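Asks: Going down the list, the protein sequences come from chains A and B. Position one of the first sequence corresponds to residue -2 (the working numbering), numbered consecutively onward. Position one of the second sequence corresponds to residue -2 (the working numbering), numbered consecutively onward. Next up is a structure, given as structure tokens.
Number of protein chains: 2
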Amino acid sequence: MPRYEGVSPSVIRRLPRYYRFLEDLQRRDVHRISSRELSSLMNLTASQIRQDLNCFGGFGQQGYGYNVDALLSEIGNILGLSREYRSILIGAGNLGLAIAKHMSFESKGFNLIGIFDKNKELVGTPVRHLVISDINRLENFCKTFSPQAAILCIPKPAAQEIADKLIHLGIKGFWNFSHYDLTMDYPDIAVENVHLGDSLMTLCYQVSEILE
Amino acid sequence: MPRYEGVSPSVIRRLPRYYRFLEDLQRRDVHRISSRELSSLMNLTASQIRQDLNCFGGFGQQGYGYNVDALLSEIGNILGLSREYRSILIGAGNLGLAIAKHMSFESKGFNLIGIFDKNKELVGTPVRHLVISDINRLENFCKTFSPQAAILCIPKPAAQEIADKLIHLGIKGFWNFSHYDLTMDYPDIAVENVHLGDSLMTLCYQVSEILE
């Protein structure tokens, strides 16, 4: 996305949150909002909002505020949400199934086209519009359908091995829930680690600070 | 935790990751590690590691490295993981159940003592050592067992209302999976928001950068 080169990763990282709030405003039929109103909603300063959004050319007009629909659509474009990257899920345990059933991938740039597990008892189980496939079929599947992203919901020991394999099969991005930090030796691979345990420990620290 | 006052939130936020790596080393029977080895494992610089860990008094010895067991136990103490805060889960849908079944709360400072849902068809269903209770019983339950933390796995519209109620019932910390940013008007409440959708959008941006 050469148009936005030079925008800092921290601004990019805040965009999904802007997107979420703006989507909610649109759903509530709000089509125009001042930076002051948006800032109080999002618990940011108005000047931070102006600074963040100016990175992309400035959607706001003095005295008018932001056009919610235009801003939402532009942030969606920046994030690439209008694409449909084919994605597969590896590991249909409790967490994997919840992710598959709970998330609306389609609205976030991804399209779930396959679910794989090594547990033969799960193979054939329907999940949404799909059925769980045997992990042995992964290679053929990837060669036929060329998925671009993989969601890893498998235990740590299995994660590194399968990640290497998936990269060779053409996967470009990982949404990684395994307890393994995927620090890829491949510069052209995107990884988004979700460490739920780390988040819970952080909460524990905060609660213990309050209750001390 | 007055001993650690003045330690920056960003250092605190990195501690769970240290804890996770050190726990893994201990599991693999490694009891001593140099900052250089730890840094290559964690993909950090050795000087950042020394700087982070020196905040708490410096566990390393020149020429010896870090004592894995001592460091793990001390970081666990700082995070408060040896406590057992009583916690309840609100919302036994796909995500809530996965969280309840998948996480080992006990090793992270929390003890899950109740699961609540408003869906009468779910009430009575066993989940691990518990059964799902009717949300109508929440108030009595809290008065009797005084839980300190709540995990919110409910849709956005319900989240704010129930959060207010839970605070009045004595909850001090929220692990929040609802799509609502809990920005509490109560300074003494800890909140750890987990926005899985934001993480997925960030991955989408990264993948679209690679595939452009």
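Where is the CB? At the ideal position from N, CA and C, for every residue including glycine. None of these values were measured; they are calculated from a predicted model.
Would you check if there are 3 or more beta carbon pairs closer than 8 Å linking the stretch 189 to 202 of chain B to the stretch 109 to 128 of chain B?
Replies: no
Asks: CB Ala187 of chain B to CB Glu206 of chain A, shorter than 9 Å?
Replies: yes
Asks: Leaving aside the five residues before and after Val204 of chain A along the sequence, list all residues of the same chain whose C-beta is less than 6 Å from its C-beta, in chain order.
Replies: none
Asks: So Ala147 of chain A and Ser84 of chain A are in contact, right, with Cβ under 8 Å, and what is the actual spacing, rounded?
Replies: With a Cβ gap of about 7 Å, Ala147 of chain A and Ser84 of chain A count as contacting.
Asks: Compare the Cα-Cα distances from Val191 of chain A to each of A:Asn40, A:Leu200, A:His99 and A:Phe171 and report the closest residue.
Replies: A:Phe171
Asks: Roughly how many angstroms lie between the CA atoms of His165 of chain B and Asn74 of chain A, to the nearest whole one?
Replies: 42 Å
Asks: State the Cα-Cα distance for the pair Asp185 of chain A and Tyr15 of chain B, rounded to the nearest angstrom.
Replies: One C-alpha to the other measures close to 26 Å.
Asks: Measuring alpha carbon to alpha carbon, tell me which residue in A:Leu68, A:Arg125, A:Leu69 and A:Gly121 is nearest Asn91 of chain B.
Replies: A:Arg125
Asks: So what does DSSP say about Ser104 of chain A, is it helix, strand or coil?
Replies: helix
Asks: First and last residue of the alpha helix (DSSP H) that includes Ala155 of chain A?
Replies: For Ala155 of chain A, the enclosing alpha helix (DSSP H) begins and ends at Lys153 to His165.
Asks: Quick check: Ala95 of chain B and Ala67 of chain A, are their CB atoms within less than 9 Å of each other?
Replies: no
Asks: CB-CB under 8 Å to Val65 of chain A, same chain, minus the five flanking residues each way: which ones, in chain order?
Replies: Leu19, Leu22, Gln23, Val27, His28, Arg29 and Ile30
Asks: Scan the stretch 5 to 27 of chain A for residues whose Cβ lies nearer than 7 Å to a Cβ of chain B and list them as they occur along the chain.
Replies: Ile9, Arg10, Pro13, Arg14, Tyr16 and Arg17
Asks: Whose Cβ in chain A lies nearer than 8 Å to the Cβ of Lys169 of chain B?
Replies: Val204, Ile207 and Leu208
Asks: How about Ile46 of chain B and Ser32 of chain B: are their beta carbons less than 9 Å apart?
Replies: yes
Asks: Nearest chain B C-beta to Ser189 of chain A closer than 9 Å, yes or no?
Replies: Note that residue 189 of chain A is Glu in the sequence shown here, rather than Ser. At least one chain B Cβ lies under 9 Å of Glu189 of chain A.
Asks: Excluding five sequence neighbours on each side, which residues of the same chain lie with their C-beta closer than 6 Å to the C-beta of Lys98 of chain A?
Replies: none
Asks: Mind checking Asp182 of chain B: buried by the 16 CB within 10 Å criterion, or exposed?
Replies: exposed
Asks: Counting C-beta neighbours from all protein chains within 10 Å, is the total for Thr180 of chain A 16 or more, i.e. buried, or is it exposed?
Replies: exposed
Asks: What in chain A is Cβ-close to Arg80 of chain B, meaning under 9 Å?
Replies: Cys201, Val204, Ser205 and Leu208
Asks: Given a limit of 8 Å on CB to CB distance, which residues of the stretch 115 to 137 of chain B reach chain A?
Replies: none
Asks: Does the CB of Ala146 of chain B have a neighbour CB from chain A at under 9 Å?
Replies: yes
Asks: Note down, in chain order, every chain A residue with its Cβ under 7 Å from the Cβ of Asp195 of chain B.
Replies: Pro13, Arg14 and Arg17
Asks: How many Å lie between Glu158 of chain B and Phe138 of chain A at the Cα?
Replies: 45 Å
Asks: Can the beta-carbon of Asp131 of chain A be found less than 9 Å from the beta-carbon of Lys117 of chain A?
Replies: yes
Asks: Which residues in the same chain have their Cβ closer than 6 Å to the Cβ of Ile129 of chain B, if we skip the five residues on either side of it in sequence?
Replies: Same-chain partners within the cutoff: Ala89, Ile112, Asp114, Leu119, Val120 and Thr122.
Asks: Should Glu81 of chain A be labelled buried (16 or more other beta-carbon atoms within 10 Å of its own) or exposed?
Replies: exposed
Asks: I need the straight-line Cα distance from Leu38 of chain A to Gly106 of chain A, nearest angstrom please.
Replies: Taking the Cα positions, Leu38 of chain A is about 26 Å away from Gly106 of chain A.
Asks: Counting along the chain, where does the beta strand (DSSP E) carrying Ala43 of chain A start and finish?
Replies: No beta strand (DSSP E) holds Ala43 of chain A; the alpha helix (DSSP H) holding it covers Ala43 to Asn51.
Asks: Around the C-beta of Thr61 of chain B, are 16 or more other C-beta atoms found within 10 angstroms, so that it is buried, or is it exposed?
Replies: As written in the sequence, residue 61 of chain B is Tyr, which differs from the Thr given in the question. With fewer than 16 Cβ atoms within 10 Å of its Cβ, Tyr61 of chain B is classed as exposed.
Asks: Grouping DSSP H, G and I as helix and E and B as strand, with all else coil, what is Asp114 of chain A?
Replies: strand
Asks: How would you label Arg134 of chain B, buried or exposed, when you count the other beta carbons within 10 angstroms and need 16 or more for buried?
Replies: exposed
Asks: Please compile the residues from chain A whose C-beta is within a distance smaller than 9 Å of the C-beta of Leu94 of chain B.
Replies: Chain-order list of chain A residues neighbouring Leu94 of chain B: Asn91 and Ala95, by C-beta distance under 9 Å.
Asks: Roughly how many angstroms lie between the CA atoms of Ile168 of chain A and His176 of chain A, to the nearest whole one?
Replies: 20 Å
Asks: May I ask you to list the residues that DSSP assigns as paired with Tyr63 of chain A?
Replies: A:Ile30
Asks: Which first and last residues belong to the beta strand (DSSP E) in which Ile129 of chain A is found?
Replies: Leu127 to Asp131
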